[in-house]
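Taking mature numbering (1 follows the signal peptide of the UniProt record, and there is no 0), I'd label the letters of the sequence shown as residues -18 to -1, 1 to 546.
Just so you know, even glycine gets a beta-carbon here, dropped at the ideal spot from N, CA and C.
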Amino acid sequence: MKSILAVFLSFISTIILAQSNVPKDYFNNPLDVPLVLSGTFGELRSNHFHSGLDIKTQQRQGLDVVASAKGYVSRINIQHYGYGKALYVQHPNGYTTVYAHLKKFSPAIEAYVKKRQYANETYEIELFPEAGELTVAADELIAFSGNTGGSGGPHLHFEIRDGSQRPMNPKLFGIKINDNRTPIIDGLYAYPLDDDAHVNNSRERQKINLIPLEDGSYIASEIDACGNIGFGVSSVDQQDGAPNRNGVYQIEAELNGDRLLTLPFNRFSFAETRHLNQLIDYEYYSKNRKRIQKLFVENGNPLSLYKDVTNKGELHIQDSLNYNYTIKVSDFSGNERVIRVPIQGMQRSDIPPKKEEKTDYFAQVNQPFAAEANGMDIYIPKGSLYKDTYLDIEFGEDKVKVHNDHTALHKNITIGFDVSTYSAEEKEKLFIARLGYGDRPNYSSTYKKPKRFTTRTRTFGEYTLASDVTPPKIWPTNFNDGQWISNNNTLQVKISDDLSGIKSYRATVNGKFILMEYEYKNNTLTHNFSDDVVNETENQLKIIVTDNVGNSNTYEATFFRKKS
């Protein structure tokens, strides 16, 4: 009973400390529906921590999104990818709320945005209204939920940021989500951390067998080890009403009752978010699609999430001594899963050495690296890697293998190709491609000089030069050439490109620019007649679509509408 009480008090004290000076009753729910999540704050995503709550919208679009508190719209960002249509509201208390993947804005904000989109003749736009231009009251309608940008389904992405624009966990502010479910443990792993360390007769990562107990906790099979070791845990959480496997709130590690590390997801900065690749076992994730959170802090890891760190979270195991290691995985509601790991210190001298594939190319974290051959070159700036690494590099006749995607990159590296032997016409259609499944070339942003093409990338892999001579395709979906479409609310066409991808598009009616929204997930361009810029009976539509190497296609059609 005393042990349970101690655990509870420890968890509550951590929550109180995290919530100090955070207003609890200031922000309201941004949706008038029961709050069910598809994504939690700090959830581990590809190369970043999730910066807010993903709130389900009952598989629908168009739900009312309201301002969580009074303030003014300080930023509006519309992009094809990422957050899609997003609003930022600045509040008098210094915090900012963010609402993303929106379908459209409230009428006043929509009119404000459309005026500037038409003035700039662009769909993608970023605006910074002055403090008095678009004021909003608490619970005032500001937008409608949607699925724009890099959204995998209809939902509202909601954030609360501090005065330095660092995302904070909205649950700290009293945003309540029903959660009576205990986190799920997917696996426990042990890591020998130096040349002399070993775990269970091995110097390699070891998966540790876990035995579930009746109280919901786990006991690990006793391990024998010696030297500096660390642990990692793969875990997820689920909230009420949703099957989604979300991120947990907090992980704590103790050795013989003394705290080694606490990892609460309360706040982080965007400048550090890519260092998630140091928090997880990136190689294991790239091969197995499961994220192991390492409970030790490696050199060069600047993440501010860690608290109460002793000895970098590492365990120094000595021969003939016994140790008890404990991991507590918690969600924000206090549901907790405990893992206990008995460790027997045992020095062994017959452990096989750790496997290390050495190559002719060795890149160091704190030094730039360069290599070239056969008219191809690679440059890796200082600080691009997370640790010193032997690189698997192969220069072929027309392609270069630049290591493999099991190793994470923090900064862009540069890959270059000599193109001096190509004609000017050939170079127009050439681009640098990363070879994907089945050696399919995928466009990588290509910077062209007369004799050399380069690309900057944060993904290792095979790269080559590819040529695209086929223009994009354009075809209508809700009208035909010569048709009366007075009852249509929209004008829609599909666009696609077979290789280098869509770079730009432009649409006019009777020679006048019209706004078309590009939804890349279904390759659709849509014009809303509610923009009230198409006012003639007979209308000449012209759409020009250009791919990333300059191939373009033009679609023209005539349509008729009754004058409004």
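Bridge-paired residues (DSSP) for L297:
Locating residue 297 in the sequence shown gives position 315, where the first residue counts as 1. DSSP, once it has assigned bridges, lists I211 as partnering L297.
Going by CA-CA distance only, name the one from L26, L373, P152 and V515 that's closest to N259.
Here residue 259 is taken as the residue at index 277 of the sequence shown, counted from 1. Considering only alpha carbons, the answer is L26.
Between G209 and D176, is the Cβ-Cβ spacing less than 8 Å?
The sequence position of residue 209 within the sequence shown is 227, counting from 1. The sequence position of residue 176 within the sequence shown is 194, counting from 1. Yes, these two residues count as a Cβ contact at 8 Å.
Can you tell me which of the three DSSP states V291 falls into?
Walking along the sequence shown from the start, residue 291 turns up at place 309. Three-state DSSP puts V291 in coil, outside helix and strand.
Contact under 8 Å by Cβ, Q72 with S56
Stepping through the sequence shown from its first residue, residue 72 is reached at position 90. Stepping through the sequence shown from its first residue, residue 56 is reached at position 74. In this structure, Q72 sits near S56, with a CB-CB distance shorter than 8 Å.
DSSP state of Y264 mapped onto helix, strand, coil:
Stepping through the sequence shown from its first residue, residue 264 is reached at position 282. Helix, per DSSP.
Starting from V95, trace the alpha helix (DSSP H) both ways and give me its first and last residue.
Within the sequence shown, residue 95 is the residue found at index 113, counting from 1. Segment P89 to N102, the alpha helix (DSSP H) holding V95.
Which residue marks the beginning of the alpha helix (DSSP H) containing A406, and which one marks its end?
As a working note, residue 406 is residue 424 in the sequence shown. Following the DSSP letters along the chain, one finds A406 inside the alpha helix (DSSP H) bounded by residues A406 to K411.
What does the alpha-carbon distance come out to for the pair L17 and K38?
One-based indexing of the sequence shown puts residue 17 at position 35. One-based indexing of the sequence shown puts residue 38 at position 56. L17 and K38: Cα-Cα distance of roughly 7 Å.
Please classify Y48 as buried or exposed, where buried requires at least 16 other C-beta atoms within 10 Å of its C-beta.
As a first step, residue 48 is located in the sequence shown; it is residue number 66 there, counting from the start. Position check: residue 48 holds Val in this sequence, whereas Tyr was assumed. Result: buried.
Report yes or no: do the segment 120 to 136 and the segment 78 to 98 share at least 3 C-beta pairs separated by less than 8 Å?
Three or more beta-carbon pairs drawn from the segment 120 to 136 and the segment 78 to 98 are found closer than 8 Å, and the two stretches are therefore classed as touching.
What's the gap between the Cα of L497 and the Cα of G114?
Here residue 497 refers to the residue found at position 515 of the sequence shown. Here residue 114 refers to the residue found at position 132 of the sequence shown. Straight-line Cα distance between these residues: approximately 27 Å.
Residues bridged to H83 (per DSSP):
Working through the sequence shown from its first residue, we reach residue 83 at position 101. H83 is not bridged to any residue.
What's the gap between the Cα of V118 and the Cα of S50?
Position 136 of the sequence shown, counted from the first residue, corresponds to residue 118. Position 68 of the sequence shown, counted from the first residue, corresponds to residue 50. Using only the alpha carbons, I get a separation of about 10 Å.
P111, enclosing beta strand (DSSP E) - first and last residue
As a position in the sequence shown, residue 111 is number 129, starting the count at 1. Note, P111: premise wrong, no beta strand (DSSP E); not H, not E.
Quick check on Y368: does DSSP put it in helix, strand or coil?
Translated into the one-based positions of the sequence shown, residue 368 becomes position 386. Coil, per DSSP.
Which of helix, strand or coil DSSP assigns to S217
Indexing the sequence shown from 1 puts residue 217 at position 235. Strand.
What are the partner residues of G398, as DSSP defines its beta bridges?
Numbered from its first residue, the sequence shown carries residue 398 at position 416. In the DSSP assignment, the residues bridged to G398 are D359 and T436.
Bridge partners - V382, DSSP secondary structure assignment
In the sequence shown, the residue the question calls residue 382 occupies position 400. BP columns for V382 point to F377 and Y445.
Is the CB of H388 under 8 Å away from at least one CB in chain D?
This model lacks chain D altogether, as it is built from one protein chain only.
State yes or no: is the C-beta of D421 within less than 8 Å of the C-beta of T452?
Taking the first residue of the sequence shown as position 1, residue 421 is located at position 439. Taking the first residue of the sequence shown as position 1, residue 452 is located at position 470. Contact flag unset, no.
Alpha carbon to alpha carbon, what distance is there between K494 and G464?
Position 482 of the sequence shown holds residue 464. Position 512 of the sequence shown holds residue 494. So the two alpha carbons sit approximately 19 Å from each other.
Is the beta carbon of S366 closer than 8 Å to that of L391?
Residue 391 sits at position 409 when you count from the first residue of the sequence shown. Residue 366 sits at position 384 when you count from the first residue of the sequence shown. Taking 8 Å as the Cβ cut-off, L391 and S366 qualify as a contacting pair.
Beta-carbon contacts of R256 that lie in its chain and below 7 Å, excluding the five residues immediately before and after
The residue labelled residue 256 in the question sits at position 274 within the sequence shown. Excluding positions up to five away in sequence, the list reads N29, H30 and H392.
So for G420, helix, strand or coil by DSSP?
Here residue 420 is taken as the residue at index 438 of the sequence shown, counted from 1. Note: G420 maps to helix in three-state DSSP.
Touching by the beta-carbon criterion (3+ pairs, under 8 Å), the segment 431 to 450 and the segment 382 to 401:
Because the criterion of three Cβ pairs below 8 Å is met, the segment 431 to 450 and the segment 382 to 401 touch.
Which same chain residues, not among the five before or five after F155, have their C-beta less than 7 Å away from its C-beta?
Residue 155 sits at position 173 when you count from the first residue of the sequence shown. Take F155, set aside five residues on each side of it, and the residues of its chain with a beta-carbon closer than 7 Å to its own are V4, P5, K6, Y8, F9 and I142, in chain order.
Distance between beta carbons of V215 and I157, contact taken as under 8 Å:
Counting from 1 along the sequence shown, the entry for residue 157 is found at position 175. Counting from 1 along the sequence shown, the entry for residue 215 is found at position 233. No, I157 and V215 are not in contact; Cβ-Cβ is about 26 Å, not under 8 Å.
By DSSP's criteria, L19 is part of a beta bridge. Which residues make up the other side?
Working through the sequence shown from its first residue, we reach residue 19 at position 37. Assignment of beta-bridge partners to L19 by DSSP yields I37.
Of the listed residues Y500, P174, H388 and D313, nearest to K485 (C-alpha basis)
What you label residue 485 is simply residue 503 of the sequence shown in a count that begins at 1. It is Y500.
Name the residue from G357, E379, S133 and E339 whose alpha carbon lies nearest to the alpha carbon of N386.
One-based indexing of the sequence shown puts residue 386 at position 404. Closest by alpha carbon: E339.
On the three-state DSSP scale, how would you describe H257?
Within the sequence shown, the letter at position 275 stands for residue 257. In the displayed model, H257 falls within a helix according to three-state DSSP.
Locate the beta strand (DSSP E) running through R319, then write down its first and last residues.
Position 337 of the sequence shown holds residue 319. R319 -> beta strand (DSSP E) spans E318 to G327.
Coarse secondary structure for S286, derived from DSSP in three states:
Within the sequence shown, residue 286 is the residue found at index 304, counting from 1. S286 falls in the coil class under three-state DSSP.
Return helix, strand or coil for G168, following the three-state DSSP convention.
Position 186 of the sequence shown, counted from the start, is the residue given in the question as residue 168. Here residue 168 turns out to be Asp, not Gly, going by the sequence shown. Looking at D168 - three-state DSSP - the assignment turns out to be strand.
Classification of A202 by the beta-carbon crowding that lies within 10 angstroms, buried from 16 upward
In the sequence shown, residue 202 corresponds to position 220, counting from 1. Burial call: buried.
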